[in-house]
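*Asks:* Structure below; questions to follow.
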Amino acid sequence: MTQQTHITYQKHTHKPMTTAHLAQTMSLLEMNNEELVEKIEGELANNPALDLVEDQQCPTCNRKLYRNSPCPFCSFSSSMGFDSPIVFISPRNEFYSTSYSHEEKIPYEELSPEVEDLPSYVLNQIRSDLDPKECSIATHILTRLDSDGLLRTPLLEIAQYHHIPVASVKRILSIIQRSDPLGVGAKDPQEALLVQLETISKTQSVDPLIFQAISKGFFELSHQQYKSLAKRLNTSINHVEKIKKFIGDNLNPYPARTHWGTIRHHTDSHLHRYHKPDVYITCLKNEDEPQLIVEIVWPIKGTLRINPAFHKALSQAPPEKIEQWNSDYQKAHLLIKCLGQRNHTLVKMMQKLVIKQREFILKGNAYSKPITRAKLAEELNVHESTISRSVSGKSVQLPSGQIIPISLFFDRSLHIRTEMKEIIANETKPLSDTKISELLSNRGYNIARRTVAKYRSMEGILPAHLRNRQKVNEIKK
DNA sequence: CTATGGCACGGATT
DNA sequence: AATCCGTGCCATAG
37 MTQQTHITYQ KHTHKPMTTA HLAQTMSLLE MNNEELVEKI EGELANNPAL
87 DLVEDQQCPT CNRKLYRNSP CPFCSFSSSM GFDSPIVFIS PRNEFYSTSY
137 SHEEKIPYEE LSPEVEDLPS YVLNQIRSDL DPKECSIATH ILTRLDSDGL
187 LRTPLLEIAQ YHHIPVASVK RILSIIQRSD PLGVGAKDPQ EALLVQLETI
237 SKTQSVDPLI FQAISKGFFE LSHQQYKSLA KRLNTSINHV EKIKKFIGDN
287 LNPYPARTHW GTIRHHTDSH LHRYHKPDVY ITCLKNEDEP QLIVEIVWPI
337 KGTLRINPAF HKALSQAPPE KIEQWNSDYQ KAHLLIKCLG QRNHTLVKMM
387 QKLVIKQREF ILKGNAYSKP ITRAKLAEEL NVHESTISRS VSGKSVQLPS
437 GQIIPISLFF DRSLHIRTEM KEIIANETKP LSDTKISELL SNRGYNIARR
487 TVAKYRSMEG ILPAHLRNRQ KVNEIKK
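With my numbering as the guide, the letters of the first sequence map in order to residues 37 to 513.
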């Protein structure tokens with residue numbers, strides 16, 4: 037079986053195109069949607085042979101259709117059993133504003149509601165709460181957002197522009213900030229965090245110190261000066277670690293991008309990198325067994341095809357252009373084909389992945405199963421590197437709303453780490469790493485003491501002697 | 001002396 | 001071939 041994996045690579049014997057084909061497929065597979073959009077937009081702009089057609093809508097469910105194929109959602113749900121997840125390419129492109137002429141900024145008055153970019157997405161949510169006048173102000177504000185979803189323009193300026201008091205602008209702004217990408221329109225990351233936190237605190241209890249940490253200790257927080265932050269808040273380092281963890285897990289300083297997990301990027305590594313997920317997993321709740329639906333986001337608005345006009349013209353191309361045109365045609369064709377292949381691979385992979393990690397997706401970290409990319413590749417009869425590439429740099433939104441990198445599906449130790457966290461959370465007195473290691477092996481995980489230490493630091497949990505004061509404090513309460 | 005973090009090695013994964 | 005991960009050993013802090 038494993039031998040089959042190589043056939044993909046042996047195919048390219050005669051056609052010289054095939055190697056280009058391969059290179060193209062591989063690089064496309066590696067890209068996440070953000071990069072993909074850029075690539076496609078670039079091609080569209082440069083290659084006259086490439087054409088973008090609007091999607092049609094499925095008559096039954098109103099989802100946008102991918103080419104003229106039958107609606108994937110409807111056909112899948114009728115034909116497949118409950119045990120197999122529904123996986124399809126979804127043109128759910130709400131945040132990618134793709135149009136031919138992306139250089140031209142659309143003047144804000146003319147924003148059509150169909151263009152699902154961030155401003156109109158937000159506007160649609162709040163339109164009903166505002167009267168027409170306020171609505172146009174809201175639109176104004178929304179078009180001033182920077183790429184992170186923050187409003188860098190001073191309120192006063194907007195107020196003067198519309199000849200209204202600043203207070204009114206504030207009111208509208210606060211409505212905006214409370215709509216979907218929570219915190220959009222905040223003036224800086226700090227404010228965005230506060231808005232998000234406030235909303236969270238309405239539904240669950242939140243440590244009041246977190247408010248303080250953000251409002252008073254934002255500088256320390258974003259510069260990772262945890263000791264001085266602890267001092268400022270009059271609390272232990274451990275507590276600060278927890279706060280930091282909470283913020284990292286639940287809040288997002290840049291509302292226009294969504295959470296993406298920790299990436300040790302450059303200088304201020306505590307601030308995470310955010311973007312929109314490439315895949316959504318949602319959950320249809322049937323009485324007994326929840327049905328998982330996987331949508332692989334197709335990041336552009338519409339479908340690519342060979343420009344029919346160009347195709348016609350090709351046969352009568354002027355001799356001096358013919359070479360150029362031909363190569364354009366080839367390139368366009370290649371791109372489309374490769375994109376199709378990318379989608380296919382992604383679908384196949386997610387399908388398997390969702391079956392394997394069903395528990396994890398539905399019930400959370402503790403149920404994560406250690407799956408390796410190699411194994412998955414074997415089952416799918418594709419090369420390991422194919423899986424590697426499709427996993428790298430992409431993120432998934434779980435039914436819980438959490439956004440995680442796909443690579444987390446392949447985390448070898450996630451379940452153990454959550455187990456460990458639980459032990460620590462329930463401990464009466466701080467346990468040393470050695471003790472924890474013992475406890476874990478009682479539960480069936482044989483982990484060296486040294487490894488426990490590693491996991492701890494991964495999770496931002498402090499060593500036993502530092503946890504001490506914290507626990508004592510909690511008990512006093 | 002105990003509990004941890006640092007460095008580095010070897011095997012597994014990508 | 002490059003990278004990641006679990007571990008063992010050793011130095012250091014308490």
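All residues carry an ideal CB built from backbone N, CA and C; glycine is no exception. Remember, it's a predicted structure, so these values are computed and weren't measured experimentally.
Going straight from the alpha carbon of Leu86 to that of Ile342, what length do you get?
*Replies:* Distance between the alpha carbons of Leu86 and Ile342 is about 5 Å.
*Asks:* Assuming Gln433 is part of the beta strand (DSSP E), what are its boundary residues?
*Replies:* 431-433 is the extent of the beta strand (DSSP E) around Gln433.
*Asks:* Apart from the five residues on each side of it in sequence, which residues of its chain come closer than 7 Å, Cβ to Cβ, to Cys171?
*Replies:* Taken in chain order, the residues that qualify are Arg163.
*Asks:* Would Val432 and Val315 qualify as a contact pair, given that the criterion is a beta-carbon distance under 8 Å?
*Replies:* Against a cut-off of 8 Å, the Cβ pair of Val315 and Val432 comes out as a contact.
*Asks:* If we ignore side chains and look at the alpha-carbon of each, how far apart do Ile208 and Val220 end up?
*Replies:* Rounded to whole angstroms, Ile208 to Val220 spans 12 Å at the Cα level.
*Asks:* How far does the alpha helix (DSSP H) with Val315 in it extend, from its first residue to its last?
*Replies:* Counting along the chain, Val315 falls outside any alpha helix (DSSP H), though it belongs to the beta strand (DSSP E) covering 315-320.
*Asks:* Round the Cβ separation of Ser215 and Val158 to the nearest angstrom and send it over; I've been treating them as touching at under 8 Å.
*Replies:* Indeed, because the Cβ distance is near 5 Å, the residues count as touching under 8 Å.
*Asks:* Go to Pro344, then tell me how far its beta strand (DSSP E) extends in each direction, as first and last residue.
*Replies:* From DSSP, Pro344 is part of no beta strand (DSSP E) but of the alpha helix (DSSP H) over 344-350.
*Asks:* Starting from Ile200, follow the beta strand (DSSP E) in both directions and report where the run begins and ends.
*Replies:* Where Ile200 is concerned, there is no enclosing beta strand (DSSP E), given that its DSSP letter is neither H nor E.
*Asks:* Please classify Phe255: is it buried, with 16 or more other beta-carbons within 10 angstroms of its beta-carbon, or exposed?
*Replies:* That one is exposed.
*Asks:* CA-CA distance, Glu140 and Leu444?
*Replies:* For Glu140, the pLDDT reaches just 29, beneath the cut-off of 50, and the residue's location in the model is therefore unreliable, although a value from the coordinates is still provided. Roughly 39 Å separates the two Cα atoms.
*Asks:* Determine the DSSP secondary structure at Glu150, reduced to helix, strand or coil.
*Replies:* For Glu150, the predicted structure reports a pLDDT of 35, less than 50, and the residue's modelled location is therefore unreliable. The matter cannot be settled from this model.
*Asks:* Go ahead and label Asp224 buried or exposed: buried means 16 or more other beta carbons lie within 10 angstroms of its beta carbon, across all protein chains shown.
*Replies:* Exposed: under 16 other Cβ atoms inside 10 Å.
*Asks:* For Val517, tell me which candidate among Val390, Glu356, Thr339 has the shortest Cα-Cα distance.
*Replies:* One cannot answer for residue 517 here, as it falls past the ends of the chain, which runs 37 to 513.
*Asks:* With respect to the beta strand (DSSP E) encompassing Ile329, which residues constitute its N-terminal and C-terminal limits?
*Replies:* Counting along the chain, the beta strand (DSSP E) containing Ile329 begins and ends at 327-333.
*Asks:* Quick test of your reading: Ile397 and Ile472, contact by CB under 8 Å. State the CB separation rounded to the nearest angstrom.
*Replies:* Going by Cβ atoms, the distance from Ile397 to Ile472 rounds to 28 Å, so no, they are not a contact pair.
*Asks:* How big is the Cα-Cα spacing for His57 and Leu229?
*Replies:* His57 and Leu229: Cα-Cα distance of roughly 45 Å.
*Asks:* How many angstroms separate the CA atom of Met385 from the CA atom of Gln60?
*Replies:* The alpha-carbon atoms of Met385 and Gln60 are separated by roughly 19 Å.
*Asks:* Less than 8 Å between the CB atoms is what I'm expecting for Ile336 and Ile122, so what's the real figure, rounded?
*Replies:* Not a contact, Cβ separation roughly 22 Å.
*Asks:* So, with DSSP's three-state summary, where would you put Ser114?
*Replies:* Confidence is the limiting factor: at Ser114 the pLDDT is only 46, short of 50, which leaves the residue's position unreliable, though a coordinate-based value still follows. Helix.
*Asks:* Helix, strand or coil: which one does DSSP assign to Pro143?
*Replies:* At Pro143 the pLDDT is 34, less than 50, meaning the model places this residue with poor confidence; the figure from the coordinates comes in the next sentence. Of the three classes helix, strand and coil, the one that applies to Pro143 here is coil, per DSSP.
*Asks:* Compute the Euclidean distance between the alpha carbons of Gln46 and Ala413, then round it to the nearest angstrom.
*Replies:* Since pLDDT at Gln46 reaches only 36, below the 50 mark, its modelled position is unreliable, and the value read off the structure follows with that caveat. Rounded to whole angstroms, Gln46 to Ala413 spans 18 Å at the Cα level.
*Asks:* Can you give me the C-alpha to C-alpha distance between Lys388 and Glu74, rounded to a whole angstrom?
*Replies:* When rounded, the distance between both Cα atoms is 29 Å.
*Asks:* Quickly, what does DSSP pair Ile125 with across the bridge? List them, please.
*Replies:* Answer is Ile332, bridged to Ile125.
*Asks:* Using DSSP's beta-bridge definition, name the partner residues of Val89.
*Replies:* According to DSSP, Val89 bridges with Thr339.
*Asks:* Quick check on the DSSP output: the alpha helix (DSSP H) that includes Ile173 runs from which residue to which?
*Replies:* Here the alpha helix (DSSP H) through Ile173 covers 168-179.
*Asks:* Go ahead and pull the three-state DSSP assignment for Leu412.
*Replies:* The answer is helix: DSSP assigns Leu412 an H, G or I state.
*Asks:* So, helix, strand or coil for Leu187, using DSSP?
*Replies:* Strand at Leu187.
*Asks:* List the DSSP bridge partners of Pro441.
*Replies:* Answer is Ser431, bridged to Pro441.
*Asks:* From Pro466 to Leu475, what distance separates their C-alpha atoms?
*Replies:* In a straight line, the C-alpha of Pro466 is about 13 Å away from that of Leu475.
*Asks:* With distances taken between CB atoms, is the gap from Arg479 to Leu64 smaller than 8 Å?
*Replies:* Not in contact: Arg479 and Leu64 (Cβ atoms no closer than 8 Å).
*Asks:* DSSP state of His419, grouped into three classes?
*Replies:* His419 falls in the coil class under three-state DSSP.
*Asks:* If we call anything under 8 Å between Cβ atoms a contact, is Arg409 one with Met62?
*Replies:* Contact: no.
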